[in-house]
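As structure tokens, the structure follows; a few thoughts come after it.
Encoded structure:
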């Protein structure tokens, strides 16, 4: 069965009007990273059976599939329709038609989260220090705390010497324990730029007393400055005063327009079948495994902000977050709301029956089809790292040219 055609202009209109749309790039990730529309989500044609029902929970959501001339569309549309998706269309002319219409294509993966991070830094002038200055502070044992906001496995692979692992959504919850002295300068780092900008601005938005800065360009900048990294570290931050963190995070969420709902109101959201609703538990994997609310998929908060195109490929969807301590859901929701999602945080729900068991993970793609990030591993070419930074620096201007994003920054 041939899927009906839509034009690039129709897709652009849907994005500007905040209508629900899942624009799916059917190529493998390595090809997807060479260029795609801002809000396209990668779902390789041969992974539809594995991914679609998890990533596209509403069977009548508008789906538009495309490729770059590889001939993937017809079979992919058939696969989606066989799974029960009833509103599948194809982009007439594929990626080439999008470009011919004069519309922007964005390189890399998680592109719109990265572009959003650059916009945050541009609008809020998020403070940062270059690697050389941070290295000098470490060398003279200055009153600083370096907080690494990446996943723990990334941190363990390579980290700034002396840094502590505090994945992004945990920052407001844990910073008070790691740096109880308000005179301690907190330095936030990731591998490149996005998560350190969002992490730094999270603490600033939450109004903590400490001076907070980002390590400019993360471990990439550190490596390019010929500084040494640690390997195999296992330092994790403890939890600070959780009620204070909850109060601070709730205020940030309020400013961003996040809506708080109780259990019955959440059920009412779930009952509205005409809208896509993503439900995410943003705690760490161990907490989730010990007991989670049924129907909530695990996705730690900092990674959810960075990987929102992977987690929630339906642009215009609703997102409901849960966290038994509150602050992680509120801080994560605050960023997703600024990225243009209709975002909710669940109050309560943990006093009833909970499901036990680890997160369900999607099988990893064939490594030969995966895009090698210029900020992962320890053997990346310096030229590739610098080119990646140069690309990130240009994202704010590319957002301006594209003009579909609808982001705002509190």
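Residue numbers (my numbering): 235 to 644.
We put the CB at the ideal spot given by N, CA and C, even for glycine.
Nothing here was measured: the structure is a model prediction, and the numbers come from that model.
Alpha helix (DSSP H) segment containing residue i, residue limits
{"i": "residue 461", "result": "That residue, residue 461, is in no alpha helix (DSSP H); it is neither H nor E in DSSP."}
{"i": "residue 478", "result": "476-490"}
{"i": "residue 311", "result": "307-316"}
{"i": "residue 672", "result": "The displayed coordinates of the chain run from 235 to 644. Any statement about residue 672 would go beyond what the structure contains."}
{"i": "residue 412", "result": "405-412"}
{"i": "residue 252", "result": "Counting along the chain, residue 252 falls outside any alpha helix (DSSP H), and DSSP gives it neither H nor E."}
{"i": "residue 288", "result": "282-289"}
{"i": "residue 627", "result": "616-627"}
{"i": "residue 341", "result": "Looking at the DSSP string, residue 341 is not in any alpha helix (DSSP H), and its letter there is neither H nor E."}
{"i": "residue 447", "result": "Counting along the chain, residue 447 falls outside any alpha helix (DSSP H), though it belongs to the beta strand (DSSP E) covering 446-449."}
The beta strand (DSSP E) enclosing residue i, as first and last residue numbers
{"i": "residue 589", "result": "Per DSSP, residue 589 belongs to no beta strand (DSSP E) and is neither H nor E."}
{"i": "residue 422", "result": "419-423"}
{"i": "residue 389", "result": "From DSSP, residue 389 is part of no beta strand (DSSP E) but of the alpha helix (DSSP H) over 386-391."}
{"i": "residue 578", "result": "576-580"}
{"i": "residue 553", "result": "552-556"}
{"i": "residue 272", "result": "Taken as a continuous stretch (DSSP letters only), residue 272 belongs to no beta strand (DSSP E), as it is neither H nor E."}
Cβ-Cβ distance between residue i and residue j below 8 Å
{"i": "residue 391", "j": "residue 494", "result": "no"}
{"i": "residue 574", "j": "residue 639", "result": "yes"}
{"i": "residue 535", "j": "residue 432", "result": "no"}
{"i": "residue 515", "j": "residue 556", "result": "yes"}
{"i": "residue 261", "j": "residue 301", "result": "yes"}
{"i": "residue 426", "j": "residue 626", "result": "yes"}
{"i": "residue 483", "j": "residue 644", "result": "no"}
Given residue i as reference, the closest of the options once Cα atoms are compared
{"i": "residue 443", "options": "453, 450, 434, 303", "result": "434"}
{"i": "residue 577", "options": "345, 509, 275, 588", "result": "509"}
{"i": "residue 376", "options": "384, 389, 396", "result": "396"}
{"i": "residue 628", "options": "306, 412, 340", "result": "340"}
{"i": "residue 589", "options": "522, 581, 633", "result": "522"}
{"i": "residue 596", "options": "252, 242, 283", "result": "283"}
{"i": "residue 310", "options": "276, 336, 594, 562", "result": "276"}
Buried/exposed call for residue i, threshold 16 Cβ in 10 Å
{"i": "residue 572", "result": "buried"}
{"i": "residue 585", "result": "exposed"}
{"i": "residue 382", "result": "buried"}
{"i": "residue 645", "result": "Only positions 235 to 644 of the chain appear in the structure, and residue 645 is not among them; the question remains open."}
{"i": "residue 452", "result": "buried"}
Practice task
Indicate whether the contact test is met: 3 or more Cβ pairs, each with one atom in the segment 563-573 and one in the segment 313-327, closer than 8 Å.
Solution key: no
Problem - Stretch-stretch touch, CB-based, cutoff 8 Å, three pairs: the segment 282-302 with the segment 247-260 - result: yes
Practice task
Could you tell me whether the segment 601-609 touches the segment 518-531, using the rule of 3 or more Cβ pairs below 8 Å?
Solution key: As far as the Cβ criterion goes, the segment 601-609 does not touch the segment 518-531, which means the pair count is below three.
Problem - At least three beta-carbon pairs within less than 8 Å, the segment 281-292 to the segment 357-375 - result: no
Practice task
Kindly confirm or deny that the segment 534-554 and the segment 618-633 touch, where touching means at least three C-beta pairs closer than 8 Å.
Solution key: no
Practice task
Would you check if the segment 463-482 and the segment 408-416 touch, i.e. whether three or more CB-CB distances between them fall below 8 Å?
Solution key: Yes: at least three Cβ pairs fall under 8 Å.
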